[in-house]
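To start, the structure itself, in structure tokens.
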Amino acid sequence: MILLNIFRLILLVFIQVFILNKIYLGGYVNPYLYVLFILVMPFNTPKWVLLPASFICGLIIDMFSNTLGMNTAACTFIGFIRPVILQSVMSNREFSPGDEPGIGSMSPRWFFIYAAIMVVIHHMMLFYIEVFRFSEFFITFSRALISSAATLILIAVSQFLFFRIERRL
Amino acid sequence: MRYLWVFFGRNYFFFMFLLFEGISVWLIVDTNDYQGISTFNSTNEVVGSVIDAVSGVEEYFILKKINQDLAEENNMLMNKTRQSYLVNDTASYFINDSIYRLQYKFVSAKVISNSTQKRNNYLKLNKGKLNGITKDMGVISPKGIVGQVIEVTDHFSSVMSVLNKNSRISVKHKKSDQLGTLHWEGIDYTHGTVIDIPTHSKVKVGDTIITSGFSHMFPEGLTVGTIDDVEIRNGEHFYTLSLRFTEDYNKLTYVNIIVNLLKYELDSLDKAIIKEKN
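Top line first, the protein sequences correspond to chains A and B. With numbering that gives the first Met the number 0 applied, the first sequence covers 0 to 168. With numbering that gives the first Met the number 0 applied, the second sequence covers 0 to 277.
Structural data, given as structure tokens:
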């Protein structure tokens with residue numbers, strides 16, 4: 000379980016740094032797919048693992064993209080609010096240990112509401128920290144929203160891809 | 000005291016969050032000042048070598064383009080050699096070569112990482128201290144200017160791109176010699192903005208903007224771009240010019256780092272001026 004998550008982190012960092020950060024989509028769009036790592040950590044992850052894991056995930060991305068601290072701050076924050084948001088969107092179903100948030104374990108609708116809230120908060124924080132001035136408020140706002148949409152589409156694609164595989168097995 | 004510990008124990012998640020968030024804010028404040036990108040960053044040797052390996056693979060996909068650029072540059076240099084000039088005045092006096100003194104030296108480097116879509120963009124190059132690179136050197140490409148070195152390690156260096164909030168480059172209008180400042184307003188990596196050129200000078204769409212040479216980083220007269228749009232904002236006595244860069248920053252592969260051999264001499268003059276002011 001832990002190994003799977005570490006492998007997923009490495010894969011997502013690789014995709015983020017060497018593919019997504021290099022594709023130019025009109026200056027407005029820069030998807031940050033790596034937040035998926037924080038989104039799908041198992042339900043029963045203890046809180047004291049959740050926060051350091053989010054922190055390290057952001058730190059690794061920062062080290063590769065010369066933005067030290069920015070992704071780290073945004074990641075730590077969504078790691079912190081994750082339990083609250085999960086609780087508010089989840090029905091009272093019981094989960095076996097090791098279950099992960101996903102379109103299989105939650106319904107697709109609730110999973111995407113959960114993902115959308117987390118991704119939008121993460122992107123808003125990240126983009127405003129990066130710009131760090133109010134004169135470009137609306138441009139930054141639209142950049143964050145459009146990028147969030149792109150990230151969500153990528154998350155949806157990856158979810159449907161792996162959900163299929165799980166069912167076939 | 001016991002209750003204090005119980006209080007901490009109950010809310011440990013919140014305090015842990017404060018701790019980590021505090022560390023990241025400290026990282027932002029302490030290191031994103033473009034002076035001090037240090038140990039943790041991707042100039043870091045380990046991260047640098049990973050990036051270097053991947054960019055080696057990517058290089059194969061753009062070999063054709065690199066060849067073409069090199070051929071063009073060769074052409075340009077050929078045009079500048081003695082042999083391609085016709086000597087039509089043999090009677091003129093002899094110019095002693097010692098009048099000229101080499102001021103700028105160029106070091107070629109490969110771009111191992113680059114970005115164009117962030118608000119603040121940086122590049123990494125595969126040359127460092129061991130190749131004689133130091134902070135504040137200018138970086139150019141065959142078609143334009145790229146940025147300024149902000150951090151070096153033994154084998155790699157970080158460059159603040161022209162496409163950065165903090166980048167200010169002294170430029171001038173080629174026809175009128177009027178000085179201006181180049182900066183970047185974000186979003187579009189093909190266009191920059193030139194300010195501070197007074198409105199009494201005549202500026203037209205299509206005119207060329209070149210480096211001024213006043214910053215000791217770039218030699219005078221390198222092409223930066225052409226003017227795309229001329230605008231005078233309300234109540235200002237200076238133009239706001241939209242500039243189309245001649246270089247396509249998304250395709251950078253090889254660049255030249257400029258070593259200014261007389262920099263220390265020039266800097267010592269600057270220091271004298273600052274001392275005078277104080």
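Using N, Cα and C, we set each Cβ at its ideal position, and we do this for glycine too.
Following the DSSP letters along the chain, one finds Ser48(B) in no beta strand (DSSP E) but inside the alpha helix (DSSP H) bounded by residues 44 to 58. Neighbours of Phe76(A) across chain B, judged by C-beta separation under 7 Å: Glu20. In the structure shown, the three-state DSSP call for Val204(B) is coil. For Gln86(A), the enclosing alpha helix (DSSP H) begins and ends at 69 to 88. Approximately 7 Å separates the beta-carbon atoms of Tyr33(A) and Cys56(A); this is inside 8 Å, confirming the contact. Excluding its 5 nearest sequence neighbours in each direction, Lys164(B) has C-beta neighbours in its own chain below 7 Å: Arg118, Asn119, listed in chain order. Per DSSP, Tyr253(B) is one residue of the beta strand (DSSP E) stretching across 253 to 259. Membership of His172(B) in the beta strand (DSSP E) is indicated by the continuous run 168 to 172. Across the set Ile139(B), Ile186(B), Gly191(B), the C-alpha of Gly191(B) shows the shortest separation from the C-alpha of Arg167(B). By the CB criterion at 7 Å, Ile50(B) and Val138(B) fall outside the cutoff. Chain B places no beta carbon closer than 7 Å to that of Ala148(A), leaving this residue out of the contacts. Sequence-distant Cβ neighbours of Phe213(B) in its own chain, meaning closer than 7 Å and more than five residues away, are Ser169. Interface with chain B (7 Å Cβ-Cβ cutoff): Ala52(A) is excluded.
When rounded, the separation of the alpha-carbon atoms in Gly97(A) and Asn43(A) is 7 Å. Nearest to Ser114(B) by C-alpha distance, out of Lys123(B), Val106(B), Ser107(B), Ala108(B), is Lys123(B). For the region 171 to 205 of chain B, residues whose beta-carbon sits nearer than 8 Å to a beta-carbon of chain A comprise Gly185, Ile186, Asp187, Tyr188. Contacts with chain B at 7 Å (Cβ-Cβ) do not include Met105(A). Around Val48(A), no beta-carbon contact reaches into chain B at under 9 Å, the shortest distance being about 11 Å. In the three-state reduction of the DSSP assignment, Leu124(B) falls in the strand class, which pools E and B. Here DSSP, grouped into helix, strand and coil, assigns Arg232(B) to coil. In the three-state DSSP reduction, Lys104(B) falls in the strand class (E or B).
C-alpha of Thr66(A) to C-alpha of Phe94(A): approximately 37 Å in a straight line. Taking the C-beta atoms as reference points, Thr225(B) is found no nearer than 7 Å to Thr198(B). Around Lys174(B), the same chain offers Asp206 as residues with beta carbons nearer than 7 Å, after the five sequence neighbours per side are excluded. Residue burial annotation: Trp25(B) is exposed, with fewer than 16 other C-beta atoms found within 10 angstroms of its C-beta. In the structure shown, the three-state DSSP call for Leu181(B) is strand.
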